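Undergrad: So in my numbering, the last one in the sequence shown is 126, and the numbering has no gaps at all.
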Amino acid sequence: MMTIEEAAQGFAAIGSEPRLEVLRSLVRAGEDGLFVGQLQERLDMPSSTLAHHLRFLAAAGVITQHRTGRSVVNRAAYETIKELAGFLLHECCADSRPLSAVKS
């Protein structure tokens with residue numbers, strides 16, 4: 023199970039609109055991922071800005087980057103994303119009471 027520190031880092035990484043857009047593009051791309059140039063075209067984002075966001079997402083573990091020759095392929099880290107969702111939902115409704123126990 024993910025620690026609260028790991029979860030906070032993951033949520034912080036996707037906590038800005040541009041980084042969330044990058045991550046969603048990579049999720050839509052599937053297992054093949056996207057090269058930096060492809061992301062840049064899809065998002066119409068300057069390369070220096072995109073590089074900053076990619077570093078932030080990679081450091082949090084929500085994306086992976088693999089060098090292929092002189093290019094870098096970026097992929098969504100689906101297991102980490104699933105763990106983040108699981109972290110939020112792990113204790114879902116643990117403190118709720120059934121409606122029959124609520125007095126009107």
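The beta carbon of each residue, even a glycine, is placed where N, CA and C say it ideally should be. Note that the coordinates shown come from a computational prediction; the quantities given were computed from them, not determined experimentally.
Looking only at DSSP bridge pairs, what is Leu56 linked to?
TA: The sequence position of residue 56 within the sequence shown is 34, counting from 1. Answer is Asn96.
Undergrad: Taking 8 Å as the cut-off, decide whether the C-beta atoms of Ala82 and Gly32 are in contact.
TA: For this step, residue 82 is matched to residue 60 along the sequence shown. For this step, residue 32 is matched to residue 10 along the sequence shown. Going by C-beta atoms, Ala82 is nearer than 8 Å to Gly32.
Undergrad: Take Leu42 as the anchor and find which of Gly52, Leu110, Leu65 has the nearest alpha-carbon.
TA: Position 20 of the sequence shown holds residue 42. Per the Cα distances, Leu65.
Undergrad: Would a C-beta distance cut-off of 8 Å place Thr94 and Val44 closer than the cut-off?
TA: Start at 1 with the first residue of the sequence shown, and residue 94 comes out as number 72. Start at 1 with the first residue of the sequence shown, and residue 44 comes out as number 22. Residue identity check: residue 94 is Val in the sequence provided, not Thr. The answer is no: Cβ separation not under 8 Å.
Undergrad: Taking only the alpha-carbon atoms, compute the straight-line gap between Leu76 and Ile85 and give it to the nearest angstrom.
TA: By one-based count along the sequence shown, residue 76 stands at place 54. By one-based count along the sequence shown, residue 85 stands at place 63. Those two C-alpha atoms are separated by around 8 Å.
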